[in-house]
Amino acid sequence: MKKIINLLLVVLVLASCAPQQGKRTEGDGNTLPKSLPEFNGKIGETFETSEQDYPQPFKAPEEAPNVIIVLLDDVGFGQTGTFGGPIPTPALDELAEEGISYTRFHTTGICSPTRAAMLTGRNHHQVGFGTISELSTGYPGYHSILDKKAATVAEVLKQNGYGTAVWGKWHNTPDWETSPVGPFDRWPVGLGFEYFYGFQGGETSQWEPQLIRNTLSVEPPKTPEEGYHLTEDLTEDAIRWMRQQKSVSPEKPYFMYFSTGAAHAPLHVSEEWIEKFKGQFDDGWDAMRVKTFERQKAMGIIPENTVLTERPDAIPSWDEQTDEAKKLYARQMEVFAGFLAHTDHYVGKLIDEARALPGGENTMVMYVIGDNGASAEGSLTGTLNNLMTQNGFPDNVERQLAVLDEIGGPKHENHYAVPWAWAGSTPFKWMKRVPSHFGGTRNGFIVSWPKGIKAKNEKRTQFHHLVDIAPTIYEAAGIEFPTSVNGVEQTPLAGVPMNYSFENAYAEGTRKTQYFEVGGHRAIYHDGWVAGSFHGVPWQLSGSVGFENDVWELYNIEEDFSQANDLAEQYPDKLEELKAIFNEEANKYDVFPLDDRFVERAFNKARPSITKGKRHFKYLSGTKRVPEGSAPQVYALDHTISAKLNFKKGDEGVIVANGGSAAGYTLFVKNNKLCYTYNFFHENYYKVVSNINLPAGEIDVKMVYKQSDEKHHGAGGVSTLFINGKQVGTTKIEKVVPFRYSATETMDIGMDLGSTVSSEYRTPFEYTNTIEYVEFTLD
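Throughout the sequence shown, residue numbering follows this note's numbering, covering 1 to 779 in sequence.
Structure below.
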């Protein structure tokens, strides 16, 4: 008996010495917001006979850590040096050395779904994000409307005493709710974040971004010529916020979500950073993949018995490229490498600052190295204009070679060629938008928490998914997940905590099953096996291949890390078992109906829109930063733009502009003449100038566009100018944008913010007199 008592005493002593990961609060934390405590003072007839009992602010659990989530964009498993890739990432290396690295961690395969799952702890279809908002459809798993029954981790932490803020890419607000008039309840500040500085869409220019602070559009503090870059700006702003938090209330923990626009296209970085990688990719993507694979084995990132998967037939070899093409492709990869290295430097600066502030040792950094695999959206040749390829117009080598040294700068919305994305996903098959294979979903993940995790520079191989991040935070902070938030009963978490693995590299994994689906690509993980159905190359952005001829593959990933050995024919019963589990999970989480279309879904007429059904729009002067999805949809349609303005000789400026240097249109006044320019993806500029000067006084101006009868993709029409009802100029527009000018720009009245549609003026080129209104009529 005495031995048992002594043993219990030892256990208790050891438990008291273990690192504290927050003290779980039971009962009162089950509903948010928490009720005010009962009054325990004394109320007399006057204050002399009364005693105060002031309700005190709610505080986070004792020893709850600061939490920083860093999420990179479009970075593949085999790109960072930390995970064996060719691009040195010393700041990430340092974080890995002071923490633990997960080598079997997974995302959803595409951006918005990944973010929705991570922030809520539920599967992406479960919260309406089976795809990005711009492609949403009217089904429960795809409408892109975050339901209040799936409260974000920011909302839960805020109501448990945390300060909360987010920087960078958001991409989780419905496309039709991103205009300057909201509504704002599904913007970051309506979903638990007390501060937001970043952008709404899927991508933005790193040189001239469309920025929002909380709910107001703001312009970058500097120009590209003055040295502006978005990653640097986000980092500096986040550091200012952190310093203020720890100056004013050092005992209050914070939750920071730092979501870079890097390294998503456009691939933008200064020549200084590009130059660091000059000549390093001249041996091509096949060689890069082999070298990465060898480093991954040597570093213990992948098991020794891992097989390097073969290059798909749809991806060309490096050897079959011409010398001129190789010159271009090497430059593309140098730009990407510079972009990622630059990002590593500035994220490292952010983390260093966090560690140096009060509570730095008790700051848990969770670093997700990519929201999906490397991106193949640049097409097989790469492109100077990412939106051009997404609109169905491929680029070519010759056009890019002509401006080789400009690639990476502010003139282009550039992206690299598909084979670099394949090489960046080493050792796996495929890449972003292909969740049937780990090339689309396996991303490096690092957790560093000096006060809470003793393990240093260790690797973890348990299978996990980013739905597990939210419950891991709750566990670390000692916060009970609420059953009700703001009066709404909560959907149970789909994620499981990862904390059990922090100190035990050999602990049995707690995630037994996980489904994957994006764009018809499907996979199911269950107890060490994966079944997957590939559904077409991810750079094909239109059409449907159907589902009747789907082929499923089967892998034992406990023995086959890279999915190199398809066992479907050898174990047909196991394959059928996993397919049945996929269907079960798909029904449970609203995955059906499957839809493999891409660009066609952008034209979904059932989707809500503030422009839906309207043929007439009237804007007052000063209206600015209207997202393209909330502006008049004039693509390939007969339409008229008219304006009433005051003019005197010498006045100039923009009347209306939509888009930017990538593509768009602008109606403006220059040299006393009325001008209209249509920018077709920075490839063709169609311009018409009035053949008379504008008369002084109050005048009516008009641009009338008539679509041609041609039926081919991007067919154009004729643009005609009028002043006070008189025709003053006309031109033929050979090609028009069918879907979207840009993912980064907006419509502005009386100015052209961001990058300019026309190179004939510089932003903002604000009209120097008065504009009474601008009207659009869609015929």
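Using N, Cα and C, we set each Cβ at its ideal position, and we do this for glycine too.
Please classify residue 28: is it buried, with 16 or more other beta-carbons within 10 angstroms of its beta-carbon, or exposed? Model confidence at residue 28 stands at a pLDDT of 49, short of 50, so the residue's coordinates are unreliable; what they give is reported in the following sentence. Residue 28 should be labelled exposed.
Looking only at its chain, what residues have a beta carbon closer than 6 angstroms to the beta carbon of residue 495, apart from the 5 residues adjacent to it on each side? 121, 467, 468, 470 and 471
From residue 238 to residue 184, what does the alpha carbon distance come to, in whole angstroms? 22 angstroms
Per-residue DSSP class, three states only, for residue 691: coil
Would you check if there are 3 or more beta carbon pairs closer than 8 angstroms linking the stretch 44 to 52 to the stretch 242 to 249? no
Residues sharing a beta bridge with residue 168, DSSP: 198 and 259
Three-state secondary structure (DSSP) at residue 152? coil
Throw me the rounded Cβ distance for the residue 107 and residue 96 pair, which I believe falls under 8 angstroms. At roughly 18 angstroms, the Cβ-Cβ gap does not stay under 8 angstroms, so residue 107 and residue 96 are not in contact.
Going by alpha carbons, who is nearest to residue 74 out of 181, 449, 209 and 266? 266
Would you say residue 307 and residue 562 are within 7 angstroms of each other, going by their C-beta atoms? yes
Run the proximity test for residue 213: is its beta-carbon closer than 6 angstroms to any non-hydrogen atom belonging to the ligand ATP? Here there are no bound small molecules, and the ligand ATP is not part of this structure.
Whether residue 534 touches residue 435 by CB criterion (7 angstroms): No; because the gap between Cβ atoms is not below 7 angstroms, this pair is not in contact.
From the DSSP output, read off the bridge partner residues of residue 644. 700 and 773
Between the stretch 123 to 134 and the stretch 210 to 224, can you find at least three pairs of beta-carbon atoms closer than 8 angstroms? The stretch 210 to 224 makes no contact with the stretch 123 to 134; the number of CB pairs closer than 8 angstroms stays below 3.
Ends of the alpha helix (DSSP H) at residue 426? Element bounds for residue 426: n/a, residue is neither H nor E.
What first and last residue would you give for the beta strand (DSSP E) that runs through residue 529? 529 to 533
Report buried or exposed for residue 692, applying the criterion of at least 16 other Cβ atoms within 10 angstroms of its Cβ. Around the beta carbon of residue 692, a 10 Å sphere encloses fewer than 16 other beta carbons of the protein chains shown; the residue is thus reported as exposed.
Are the stretch 153 to 163 and the stretch 191 to 202 touching, with three or more C-beta to C-beta distances below 8 angstroms? yes
Which residues mark the beginning and the end of the beta strand (DSSP E) in which residue 680 is found? 673 to 680
Contact under 7 angstroms by Cβ, residue 518 with residue 109: yes
Boundaries of the alpha helix (DSSP H) in which residue 498 is found, first to last residue: Residue 498 -> no alpha helix (DSSP H), and no H or E assigned at all.
Check whether the stretch 658 to 665 touches the stretch 609 to 619, taking contact to mean three or more Cβ pairs, one atom from each stretch, closer than 8 angstroms. no
Measure the Cβ-Cβ separation of residue 752 and residue 763 and say whether it is below 7 angstroms. yes
Could you pull out every unbroken alpha helix (DSSP H) segment of at least 4 residues lying fully inside the stretch 216 to 246, listed in chain order? Uninterrupted alpha helix (DSSP H) stretches at least 4 residues long and entirely within the stretch 216 to 246 do not occur.
Contact belief for residue 595 with residue 137 at Cβ below 8 angstroms, rounded distance in angstroms: 7 angstroms
Cβ contact (3+ pairs, closer than 8 angstroms) linking the stretch 430 to 444 and the stretch 318 to 338: no
How many angstroms separate the CA atom of residue 374 from the CA atom of residue 425? Distance between the alpha carbons of residue 374 and residue 425: 6 angstroms.
For residue 585, which option in 546, 522, 727 and 277 has the closest C-alpha, if you only look at C-alpha atoms? 522
Reduced DSSP category for residue 444 - H, G, I as helix; E, B as strand; rest coil: strand
Using the DSSP secondary-structure output, state which residues sit across from residue 749 in a beta bridge. In DSSP, residue 749 forms a bridge with 656.
Run the CB neighbour count on residue 182, radius 10 Å, all protein chains shown included, and call it buried at 16 or more, exposed below. exposed
Go through the stretch 584 to 651 residue by residue and report every complete run of the beta strand (DSSP E) that reaches 3 residues or more, in order. For the stretch 584 to 651, whole beta strand (DSSP E) runs of length 3 or above, ordered along the chain, are 616 to 619 and 639 to 647.
When the Cα atoms are used, what is the spatial distance from residue 479 to residue 258? 22 angstroms
Suppose you measure from the CA of residue 77 to the CA of residue 570; what does that come to, to the nearest Å? 29 angstroms
Only counting the same chain, and skipping five residues up and downstream in sequence, which positions put a Cβ closer than 6 angstroms to that of residue 629? Once the five neighbours on either side are set aside, the close Cβ partners of residue 629 are 175.
What are the start and end residues of each continuous beta strand (DSSP E) run of 3 or more residues lying completely inside the stretch 80 to 116, in chain order? 100 to 102
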